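Here the structure comes first, spelled out in structure tokens, and everything after it is commentary.
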DNA sequence: ACCTGAACACCGTTCAAGT
DNA sequence: ACCTGAACACCGTTCAAGT
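Chains as they are written, first to last, in the numbering used here: chain S, -6 to 218; chain E, -6 to 218.
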């Protein structure tokens, strides 16, 4: 009757790069890394599967754009120029972890290709700034910044990989409790040190461990070797 | 005629867990992470797709067994008890990197689930041994060992992810040269420090950077903080 | 116990066609 | 320029059946 509703009801039919990426992220969030198929994205956005190819040349391009968007969301304002360099890096690392862990299904995609987009470069600049202030020369600052990127992304990837089922991550405390239960089964005869440290190992995927490793890594950058 | 050749010619028809894992690894090596499909594994081993389910309940189980096998191949003998703890950890980290980078298609599978098999635990014990010798108490040794696992796996994952096309990795020098060419395009106005450090960044995926980060991380473990 | 044929519900991508 | 229908060559997994 009213000619304002064009076709079928359901998801808004504003097909665009943004709508596609939003739909992809929503699918990732509920179904995990494999849930963001071209066909499901198209269905979510109310369009035939091949319509997606009007905006992206292939699935890889969708993934790359999504990764770029996630990295671009990191709040550069958490880096307060007035604070010491360690605190700035810590704030950045915590913000990145918080944002990525909120989309566990997207994390494997981050590690699936080179991170060479503008958002990644911008984060790299922030790190290089902080490390220059720490007194590192240009070469050491570059090596240190990559060491940090490796640590941060590695920790986030392992944290997410620890949870088998898709969907939002349970609170940290619950995940640690589940790990503690699992580590109770480690045979102490074969792995004595592991069995003895089981309670600490249960906390590997938590914030305390994340900061412990980060701070030790930062300390290593400014220690005579 | 001769009744020694039972059926068709082609791949030996010794179906078994081992044959399946070997076929999967071979497929991974030539076609990348997505190439090890159940159907292709079955074809390579000369069997109907669903025959694989006699040995593994699902594809995830195949992947887990393959990961366990790869981690189990790490040569514990590279850890010479007579050498200082840093050297032992370095040897282990280099051996693991060498073995995993030889199968780039398998690396994404490593990060796709928890590493809680016996081979992973055995490597963890080696780390805990070395870190205890470094003077760390049980808790610090555990935190440090996980920091190392994160660093090593993160570095290997990013190194492999840097190469888009499947198949064996080109020699390190070639990959670095390709990165150098790519970094030449970074706009110096927007990313001044990145552009200035482009030559170092080209070497991020190399052995020198791997050892730099590893040694700094180790140094951070024994620095007063 | 071990394997097969056939089927189911999926994939990504291409091509010709329609507006 | 943007979207669709139909098709192609794939997936993982299940089920009933055969030996």
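Cβ atoms here follow ideal geometry from the backbone N, Cα and C, with glycine treated the same way. On a predicted model such as this, the values are computed, not experimentally measured, just so you know.
For the stretch 190 to 212 of chain E, the set of residues with a beta-carbon nearer than 8 Å to any beta-carbon of chain S comprises 190, 193, 194, 197, 202, 205, 206, 208, 209, 210, 211, 212, in chain order.
Nearest neighbour of residue 26 of chain E by Cα position, chosen from S/168, S/152, S/106, turns out to be S/106. Using a Cβ-Cβ cut-off of 8 Å, residue 169 of chain S does not count as an interface residue toward chain E, since no Cβ of chain E sits closer than that to its own.
Within chain E, the residues 114 have their CB atoms less than 8 Å from the CB of residue 179 of chain S, given in chain order.
Look at the stretch 140 to 156 of chain E: the residues with a C-beta under 7 Å from a C-beta of chain S are 140, 143, 144, 146, 147, 148, 150, 151, 154, 155. With respect to chain E, the C-beta atom of residue 117 of chain S has a partner C-beta closer than 8 Å.
The three-state reading of DSSP puts residue 184 of chain E in coil, since its state is none of H, G, I, E or B. The C-alpha of residue 48 of chain E lies about 47 Å from the C-alpha of residue 215 of chain E. The residues 13, 16, 17, 20, 45, 55, in chain order, have a CB closer than 8 Å to that of residue 34 of chain E in the same chain once the five nearest residues on each side in sequence are set aside. In chain order, 114, 117, 118, 121 make up the part of chain S whose C-beta sits under 8 Å from the C-beta of residue 187 of chain E.
The C-beta of residue 135 of chain E comes closer than 8 Å to at least one C-beta of chain S. Contacts between residue 109 of chain E and chain S, judged by CB atoms closer than 8 Å, involve 175 in chain order. Residue 208 of chain S and residue 196 of chain S have their alpha carbons spaced roughly 17 Å apart. Taking residue 123 of chain E as the centre and dropping the five residues before and after it, the same chain places the C-beta of 78, 81, 82 closer than 6 Å to its C-beta, in chain order. Rounded to whole angstroms, the separation of the alpha carbons of residue 72 of chain S and residue 91 of chain S is 15 Å. Between residue 175 of chain E and residue 109 of chain S, the CB-CB gap stays under 8 Å.
Each of S/103, S/185, S/37 was checked against the Cα of residue 64 of chain S, and the nearest Cα belongs to S/103. One thing to note: residue 149 of chain S has its Cβ no nearer than 8 Å to the Cβ of residue 168 of chain S.
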